[in-house]
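Chains as they are written, first to last, in my numbering: chain A, -11 to 101; chain B, 206 to 319.
Structural data, given as structure tokens:
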């Protein structure tokens, strides 16, 4: 049973560039949530996708956008990168009609120079 | 805004000792989740709690859902070196709403001396 997978593992970008991160949910899950985790902090909720639509959003600017595909996989896009966007980006999958448990992937470490 | 407060921030203990940490909120929660995160990895779900007063174990780990629904506790018995990591509590934003947005505490960093 495959767990949550994310790609790439690491990424280095420069200010102003754009980045796309990818996530495949755990087998059988239909909901994907994205979190940003700065060094020394707990994860911060960015948004959640279900049925290919953004259902909930945290306190992040419009530079952060996403997409969910029919196979439930998801992408996180960040435009006009800032130094402060450097963080570990985590994807979590869950069942929309299940309990509130979310299972996390290994994350993508983004460094903005 | 809504937040979870974890304590202690860090712990440095001897192998074999028991560990206790807790998480408090200003609002009521209907779910408490405890995660462990190793350096460079994603959080791994340890225990999920759904009812006030619930006590759930996972091996040497035991977690409790506080009676007031505003706190939760995690205990680790007979710690071993692989218990090293950061422990996070989490709950659904809004406390009692069935939302997929989780909020996290700041984490408790555990170090175990062999």
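Ideal Cβ placement from N, Cα and C applies to all residues, glycine included.
### residue 217 of chain B: contacting residues in chain A (beta-carbon distance under 8 Å)
Under a criterion of Cβ atoms nearer than 8 Å, no residue of chain A is adjacent to residue 217 of chain B; the nearest Cβ is some 17 Å distant.
### Query
Would you report the Cα separation of residue 226 of chain B and residue 258 of chain B, rounded to the nearest angstrom?
Spanning the two alpha carbons is a distance of roughly 17 Å.
### Message
In this structure, how does DSSP classify residue 238 of chain B when only helix, strand and coil are distinguished?
### Response
Strand.
### Query
What are the partner residues of residue 316 of chain B, as DSSP defines its beta bridges?
DSSP, once it has assigned bridges, lists B:217 as partnering residue 316 of chain B.
### Query
So, residue 243 of chain B versus residue 281 of chain B, is the Cβ gap smaller than 8 Å?
For residue 243 of chain B and residue 281 of chain B, no; Cβs fall outside 8 Å.
### Straight-line gap, residue 274 of chain B to residue 307 of chain B (C-alpha atoms, nearest Å)
When rounded, the separation of the alpha-carbon atoms in residue 274 of chain B and residue 307 of chain B is 16 Å.
### Task
Flag this pair as yes or no: are the beta carbons of residue 246 of chain B and residue 319 of chain B separated by less than 8 Å?
No; because the gap between Cβ atoms is not below 8 Å, this pair is not in contact.
#### Entry: residue 55 of chain A - partner residues in DSSP beta bridges
A:63.
### Query
Nearest-angstrom Cα distance between residue 101 of chain A and residue 270 of chain B?
Going from the Cα of residue 101 of chain A to the Cα of residue 270 of chain B covers about 43 Å.
#### Entry: Partners in chain B for residue 89 of chain A, counting only beta-carbon separations shorter than 8 Å
Within 8 Å Cβ-Cβ: 238, 250 and 253.
### Query
Is there at least one Cβ from chain B nearer than 8 Å to residue -7 of chain A's Cβ?
By this cut-off, residue -7 of chain A is not an interface position.
### Query
Three-state secondary structure (DSSP) at residue 81 of chain A?
Three-state result, residue 81 of chain A: strand.
### Message
Measuring straight from C-alpha to C-alpha, what distance separates residue 279 of chain B and residue 234 of chain B?
### Response
One C-alpha to the other measures close to 16 Å.
### Query
residue 71 of chain A by DSSP, collapsed to three states: which one?
If DSSP states are grouped into helix, strand and coil, residue 71 of chain A belongs with the helices.
### Task
Determine which residues of the stretch 222 to 246 of chain B have a Cβ less than 7 Å from any Cβ of chain A, and write them out in chain order.
For the stretch 222 to 246 of chain B, the beta-carbon criterion of a distance under 7 Å to any beta-carbon of chain A is satisfied by 236, 238 and 246.
### Message
Let's test the definition: count the other Cβ atoms within 10 Å of the Cβ of residue 211 of chain B and tell me whether it reaches 16, buried, or not, exposed.
### Response
Answer is buried; the Cβ neighbour count reaches 16.
### Message
Please list, in chain order, the residues of the stretch 73 to 85 of chain A that have any C-beta partner in chain B closer than 7 Å.
### Response
Correct list: 78 and 82.
### Task
Just the chain B side, please: which residues come within less than 8 Å of residue 36 of chain A by C-beta, in chain order?
In chain order: 305 and 306.
### Query
In chain A, which residues lie with their C-beta within 9 Å of the C-beta of residue 311 of chain B?
Within 9 Å Cβ-Cβ: 28, 29 and 30.
### C-beta neighbour in chain A for residue 293 of chain B, strict 8 Å
Taking Cβ atoms only, chain A reaches closer than 8 Å to residue 293 of chain B, which makes this a yes.
### Task
Please determine, among A:13, A:9 and A:8, the residue with the shortest C-alpha to C-alpha distance to residue 83 of chain A.
When C-alpha distances from residue 83 of chain A are compared across A:13, A:9 and A:8, the shortest belongs to A:13.
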